[in-house]
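Below you'll find the structure, written out as structure tokens, and then a few comments.
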Amino acid sequence: MQIFLARNIISLDYAIVNEAAWERVKEFKVGERVDSDHLPLEITIEGTNQEEKEKGGTREEEKKVIVKVWSEHGVKEYRRRLEEATFKEQEIEKMVTELKEVIEKATKKKEVIVRGSKGAGKKNGWWDRECEQSKNKIDRSRFLEAKRRYTERCREKKKQKGEREEKEIKEIRTEREVWKYINRERKKKGPVSEKITIQEWEEYFMELLEGRKEEGKVGTQRKEKQTVMEETEITAEEVERHIRHLKKRKAPGWDGVHNEAWMYGTERMVERMVELMNGVWRGEGFPADWREGVICPIFKKGEKNRAENYRGITLLNTGYKLYASVLSERMKREIEEKGVLPDSQAGFRKGRGTVDNVYILDHLARNELRKKGGRMYALFIDFKAAFDKVDRVKMFECMRERGISEWLVRKVEEIYARTRNKVKVGEKEDESFETTKGVRQGCPLSPLLFTIYVADVDEMLRKAQAGGVVVGREKVWSLAFADDMVIVAKSEREMKEMMRNLEKYVRKKKLEVNVEKTKMMVFSKRKRKNEESEWKWEESKIERVSEFKYLGYTFNERATVRTQVREVVRKANKVVGCVWGIGERMWGDEFGRRMMMFESMVESVLMYGAEIWGWKEQEEEWTEKHQGT
Numbered sequence: 001m002q003i004f005l006a007r008n009i010i011s012l013d014y015a016i017v018n019e020a021a022w023e024r025v026k027e028f029k030v031g032e033r034v035d036s037d038h039l040p041l042e043i044t045i046e047g048t049n050q051e052e053k054e055k056g057g058t059r060e061e062e063k064k065v066i067v068k069v070w071s072e073h074g075v076k077e078y079r080r081r082l083e084e085a086t087f088k089e090q091e092i093e094k095m096v097t098e099l100k101e102v103i104e105k106a107t108k109k110k111e112v113i114v115r116g117s118k119g120a121g122k123k124n125g126w127w128d129r130e131c132e133q134s135k136n137k138i139d140r141s142r143f144l145e146a147k148r149r150y151t152e153r154c155r156e157k158k159k160q161k162g163e164r165e166e167k168e169i170k171e172i173r174t175e176r177e178v179w180k181y182i183n184r185e186r187k188k189k190g191p192v193s194e195k196i197t198i199q200e201w202e203e204y205f206m207e208l209l210e211g212r213k214e215e216g217k218v219g220t221q222r223k224e225k226q227t228v229m230e231e232t233e234i235t236a237e238e239v240e241r242h243i244r245h246l247k248k249r250k251a252p253g254w255d256g257v258h259n260e261a262w263m264y265g266t267e268r269m270v271e272r273m274v275e276l277m278n279g280v281w282r283g284e285g286f287p288a289d290w291r292e293g294v295i296c297p298i299f300k301k302g303e304k305n306r307a308e309n310y311r312g313i314t315l316l317n318t319g320y321k322l323y324a325s326v327l328s329e330r331m332k333r334e335i336e337e338k339g340v341l342p343d344s345q346a347g348f349r350k351g352r353g354t355v356d357n358v359y360i361l362d363h364l365a366r367n368e369l370r371k372k373g374g375r376m377y378a379l380f381i382d383f384k385a386a387f388d389k390v391d392r393v394k395m396f397e398c399m400r401e402r403g404i405s406e407w408l409v410r411k412v413e414e415i416y417a418r419t420r421n422k423v424k425v426g427e428k429e430d431e432s433f434e435t436t437k438g439v440r441q442g443c444p445l446s447p448l449l450f451t452i453y454v455a456d457v458d459e460m461l462r463k464a465q466a467g468g469v470v471v472g473r474e475k476v477w478s479l480a481f482a483d484d485m486v487i488v489a490k491s492e493r494e495m496k497e498m499m500r501n502l503e504k505y506v507r508k509k510k511l512e513v514n515v516e517k518t519k520m521m522v523f524s525k526r527k528r529k530n531e532e533s534e535w536k537w538e539e540s541k542i543e544r545v546s547e548f549k550y551l552g553y554t555f556n557e558r559a560t561v562r563t564q565v566r567e568v569v570r571k572a573n574k575v576v577g578c579v580w581g582i583g584e585r586m587w588g589d590e591f592g593r594r595m596m597m598f599e600s601m602v603e604s605v606l607m608y609g610a611e612i613w614g615w616k617e618q619e620e621e622w623t624e625k626h627q628g629t
């Protein structure tokens with residue numbers, strides 16, 4: 001600023017800062033003379049990039065990470081490099097290493113700086129490296145042209161993102177998928193407590209999985225002729241089918257190979273994977289990498305500083321998961337052909353779902369309550385860490401007893417001959433340890449193996465000839481969906497006898513019942529006077545409840561649908577509050593897409609169990625009244 005005083009001109013220099021920056025001013029001074037007669041004014045503000053660069057550091061909230069680029073350009077580059085790659089190795093271990101190295105070299109990568117919440121426009125899912133490159137090309141001489149291209153590129157990327165989101169939303173079918181999508185968009189994550197050390201995590205999971213540091217083998221190891229009929233070998237069609245079912249943006253396993261590496265892979269790469277799988281299938285070896293898993297703790301509820309309030313998810317190598325998916329599909333086919341599983345087990349079976357068991361239980365209760373003085377007793381059983389408690393040796397015995405082909409049993413034994421895990425929390429990880437108990441979390445085979453492990457529970461109850469409820473010409477003792485189980489009886493005496501038999505069965509299987517979450521419900525038209533029955537599992541008391549949610553459906557002791565209707569309306573209203581805001585951020589003024597998102601996700605929640613509670617006139621009016629839409 002210049003001030004005119006008579007014949008003299010005085011120049012004043014000053015700095016302007018806003019209210020927020022005022023508190024961060026560290027130094028304000030006149031600097032040394034430079035090339036001008038003018039003295040520079042210097043101001044130092046705490047936390048500026050320049051200050052940090054001079055110190056040779058970066059801001060605490062910033063960190064550099066290497067990410068793999070799966071943009072349109074990145075995929076083209078990946079496929080081009082794969083076509084140039086050569087595959088030479090024939091030994092199983094070397095084939096795995098070679099394939100992993102080829103994928104790693106072919107994948108396009110970039111270094112990015114993570115800056116927390118900065119750059120709101122770049123958090124929306126469609127901004128990628130191509131947008132960034134297009135923006136950087138803007139210069140003064142070509143500003144308008146570059147800006148036009150930049151705007152077009154952003155518009156195209158936003159359109160592509162919208163189409164992907166629309167497709168994903170339309171495929172949502174269950175309440176679980178709805179909340180998974182909502183929590184992802186809200187970026188809602190349960191933080192892992194920093195007060196729990198990596199050593200404590202390791203000790204917790206080692207105890208849970210009966211881990212050990214020394215090497216060893218579990219299960220029966222048999223010498224066998226490595227001959228397989230040609231038609232039983234794994235085909236390219238099988239592998240391609242499972243690749244099509246893979247999902248993007250999933251965390252990789254130990255080897256760092258993402259699902260996208262297979263999804264965007266070339267035909268030659270698939271053929272190579274088929275060769276590798278058939279080598280394993282024929283018994284030529286089992287890759288050491290496929291035995292490794294990475295356990296990541298996920299907070300459930302309760303006190304965050306207690307390890308038992310977390311569940312561990314295991315990240316397995318994607319190549320192994322493809323192989324296990326093929327085995328799982330073949331085993332499912334054999335199970336259905338041979339009738340290995342009882343009809344009471346609906347978990348992970350073709351053409352069966354949770355609603356099947358919900359319908360049967362509802363029908364049993366309603367049917368009994370139609371009778372004079374009719375009652376039905378139902379014990380809803382919660383197994384504690386069910387998959388982690390499985391005795392592997394007993395599991396192989398169960399597979400053979402149930403008639404699973406010897407070859408498939410041996411292939412599963414080969415997987416479990418040695419399994420290793422290491423715990424990873426953020427950037428921290430500990431040494432790996434061997435696990436000797438439980439089925440592998442995150443493995444496509446695990447749910448099926450567990451259902452086989454407990455497939456004989458219905459036979460045990462039937463042989464004991466206690467309890468059960470007759471419907472038509474059949475008698476139902478239990479209903480199960482994997483580890484979600486309920487047993488039924490018509491009288492208190494029969495139910496208590498069933499419970500004693502089940503206690504012995506659980507001990508034999510080395511499983512554990514979570515008594516706090518296991519509940520008793522007595523279906524009846526009215527509660528009897530002075531009814532003070534006590535229910536116990538071994539020495540622990542079991543709570544009797546008037547309402548219980550089984551497989552997502554809320555039952556009440558009167559066997560009416562009102563409780564479930566009220567619950568789905570409550571859930572749907574909760575989804576409405578979340579979805580409308582997400583739709584506004586994602587689609588803006590595109591109300592057609594916002595309504596599509598709203599209807600798809602709300603309907604998925606609102607209509608659960610409608611096959612059972614139906615659209616009766618009074619319930620429809622009640623729903624509309626409370627939904628308000």
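Under full-length UniProt numbering, think of the first position of the sequence shown as 1, with each following residue one higher.
Ideal Cβ placement from N, Cα and C applies to all residues, glycine included.
Given the structure is predicted, the values throughout are model-derived calculations rather than measurements.
Please classify Tyr-14: is it buried, with 16 or more other beta-carbons within 10 angstroms of its beta-carbon, or exposed? For this step, residue 14 is matched to residue 14 along the sequence shown. Its Cβ having fewer than 16 others within 10 Å, Tyr-14 is exposed.
Alpha-carbon spacing of Val-228 relative to Lys-371, whole angstroms: As a working mapping, residue 228 is identified with position 228 in the sequence shown. As a working mapping, residue 371 is identified with position 371 in the sequence shown. Only weak support exists for where Val-228 lies, its pLDDT of 40 falling under 50; the value from the coordinates is given anyway. Taking the straight line from one Cα to the other gives about 58 Å.
Can you say whether Val-565 is buried or exposed, counting buried as having 16 or more other CB atoms within 10 angstroms of its CB? Taking the first residue of the sequence shown as position 1, residue 565 is located at position 565. Classification for Val-565: buried.
Hey, could you find the ends of the alpha helix (DSSP H) Gly-319 is sitting in? Taking the first residue of the sequence shown as position 1, residue 319 is located at position 319. Looking at the DSSP string, the run of the alpha helix (DSSP H) that includes Gly-319 is 318-338.
Can the beta-carbon of Lys-108 be found closer than 8 Å to that of Glu-77? Counting from 1 along the sequence shown, the entry for residue 108 is found at position 108. Counting from 1 along the sequence shown, the entry for residue 77 is found at position 77. Yes, the pair counts as a contact, with Cβ atoms nearer than the cut-off.
The alpha helix (DSSP H) enclosing Ile-198, as first and last residue numbers: Counting from one through the sequence shown, the residue named residue 198 turns up at place 198. Residues 198-208.
Who pairs with Pro-342 in a beta bridge, going by DSSP? Position 342 of the sequence shown, counted from the first residue, corresponds to residue 342. Per DSSP, none; premise fails for Pro-342.
As assigned by DSSP and simplified to three states, the class of Ala-386: Start at 1 with the first residue of the sequence shown, and residue 386 comes out as number 386. Here Ala-386 sits in helix by DSSP.
Measuring CA to CA, which of Trp-201, Lys-26, Ile-16 and Ala-417 is closest to Asp-430? As a first step, residue 430 must be located in the sequence shown, where it is residue number 430. Considering only alpha carbons, the answer is Trp-201.
Let me confirm a value: Val-30 is counted as buried when at least 16 other C-beta atoms fall within 10 Å, else exposed. Which label applies? Here residue 30 refers to the residue found at position 30 when the sequence shown is read from its first residue. The residue in question, Val-30, is exposed, as its Cβ has fewer than 16 Cβ neighbours within 10 Å.
Alpha helix (DSSP H) runs contained entirely in the stretch 250-313, provided each spans 4 or more residues: 259-263 and 267-281
What runs of the beta strand (DSSP E), each 3 residues or longer, lie entirely inside the stretch 586-619? none
For Asn-421, count neighbouring C-beta atoms within 10 Å of its own C-beta (all shown protein chains included) and say buried if the count is 16 or more, exposed if not. As a working note, residue 421 is residue 421 in the sequence shown. Asn-421 comes out buried.
Alpha helix (DSSP H) containing Arg-149: first to last residue? Within the sequence shown, the letter at position 149 stands for residue 149. From DSSP, the alpha helix (DSSP H) with Arg-149 extends over 143-170.
Please look up how many angstroms separate the CB atoms of Ile-340 and Ile-415, rounded, as I've assumed it's under 8 Å. The residue you call residue 340 lines up with position 340 of the sequence shown. The residue you call residue 415 lines up with position 415 of the sequence shown. The residue you asked about is not Ile; residue 340 is Val in the sequence shown. The Cβ separation is near 19 Å, so there is no contact.
Would you kindly work out how many angstroms separate the C-alpha atoms of Lys-248 and Glu-156, rounded to a whole number? Here residue 248 corresponds to residue number 248 of the sequence shown, with the count starting at 1. Here residue 156 corresponds to residue number 156 of the sequence shown, with the count starting at 1. Their backbone Cα atoms lie some 20 Å apart in a straight line.
Output the distance between the C-alpha atoms of Glu-98 and Glu-89, rounded to the nearest integer angstrom. As a working note, residue 98 is residue 98 in the sequence shown. As a working note, residue 89 is residue 89 in the sequence shown. Whole-angstrom Cα-Cα distance: 7 Å.
Per-residue DSSP class, three states only, for Leu-461: In the sequence shown, the residue the question calls residue 461 occupies position 461. Helix, per DSSP.
Three-state secondary structure assigned by DSSP to Val-17: To locate residue 17, count along the sequence shown from 1; it is residue 17. Residue state, collapsed to three classes: coil.
Chain-order list of residues whose beta-carbon lies under 7 Å from that of Asn-501 (same chain, five-residue window excluded): Residue mapping note: residue 501 aligns to position 501 of the sequence shown, counting from 1. Only Met-460, Leu-461, Ala-464 and Ala-466 meet the Cβ criterion.
Nearest-angstrom Cα distance between Glu-329 and Val-274? Here residue 329 is taken as the residue at index 329 of the sequence shown, counted from 1. Here residue 274 is taken as the residue at index 274 of the sequence shown, counted from 1. When rounded, the distance between both Cα atoms is 16 Å.
Please name the residue, chosen from Phe-299, Leu-12, Lys-350 and Glu-210, that lies closest to Asp-391 on a Cα-to-Cα basis. Here residue 391 refers to the residue found at position 391 of the sequence shown. If we check each option's Cα against that of Asp-391, Glu-210 comes out closest.
For Thr-554: DSSP bridge partner residues: Along the sequence shown, read from residue 1 onward, the residue named residue 554 stands at position 554. In the DSSP output, where bridge partners are listed per residue, Thr-554 has Lys-549.
Over what stretch of residues does the alpha helix (DSSP H) that includes Asp-362 continue unbroken? Residue mapping note: residue 362 aligns to position 362 of the sequence shown, counting from 1. Per DSSP, Asp-362 belongs to the alpha helix (DSSP H) from 354-369.
Contact belief for Met-376 with Lys-490 at Cβ below 8 Å, rounded distance in angstroms: Translated into positions along the sequence shown, residue 376 becomes position 376. Translated into positions along the sequence shown, residue 490 becomes position 490. The pair is a contact, with the Cβ atoms about 6 Å apart (cut-off 8 Å).
Tell me whether the stretch 349-368 and the stretch 285-305 touch, counting them as touching only if at least three CB pairs, one residue from each stretch, are closer than 8 Å. no
If you count every other CB in all the chains shown that lies within 10 Å of the CB of Leu-12, and 16 or more means buried, which is it? Locating residue 12 in the sequence shown gives position 12, counting from the first residue. Leu-12 should be labelled exposed.
Who does Asn-421 pair with in a DSSP beta bridge? Within the sequence shown, the letter at position 421 stands for residue 421. Beta-bridge pairing links Asn-421 to Gly-293 and Phe-433.
Are the CB atoms of Val-575 and Val-605 within a distance shorter than 8 Å? The residue you call residue 605 lines up with position 605 of the sequence shown. The residue you call residue 575 lines up with position 575 of the sequence shown. Yes, the Cβ-Cβ distance between Val-605 and Val-575 is below 8 Å.
Which residue wins for smallest C-alpha separation from Met-269, given the options Phe-87, Val-469 and Val-506? Residue numbering aside, residue 269 sits at position 269 when the sequence shown is read from its first letter. The shortest Cα separation from Met-269 among Phe-87, Val-469 and Val-506 belongs to Phe-87.
Relative to the alpha-carbon of Arg-80, which residue among Arg-149, Glu-166, Ala-480 and Thr-266 has its alpha-carbon at the smallest distance? For the purposes of this step, residue 80 is taken as residue 80 along the sequence shown, with counting starting at 1. Nearest C-alpha to Arg-80: Thr-266.
Secondary structure at Phe-87, three-state DSSP: helix, strand or coil? By 1-based counting over the sequence shown, the position of residue 87 is 87. Coil, per DSSP.
Give me the residue from Asp-289, Arg-164, Arg-410 and Leu-82 with the minimum Cα distance to Leu-315. Walking along the sequence shown from the start, residue 315 turns up at place 315. Out of Asp-289, Arg-164, Arg-410 and Leu-82, Asp-289 has the C-alpha closest to the C-alpha of Leu-315.
Count Cβ pairs between the stretch 333-352 and the stretch 477-489 that sit closer than 8 Å; are there 3 or more? yes
Which listed residue (Glu-599, Tyr-204 and Glu-567) has its alpha carbon closest to that of Asn-309: Reading the sequence shown from its first residue, position 309 is the one you call residue 309. For Asn-309, the nearest C-alpha among the options comes from Tyr-204.
Taking only the alpha-carbon atoms, compute the straight-line gap between Glu-567 and Met-601 and give it to the nearest angstrom. Locating residue 567 in the sequence shown gives position 567, where the first residue counts as 1. Locating residue 601 in the sequence shown gives position 601, where the first residue counts as 1. In a straight line, the C-alpha of Glu-567 is about 16 Å away from that of Met-601.
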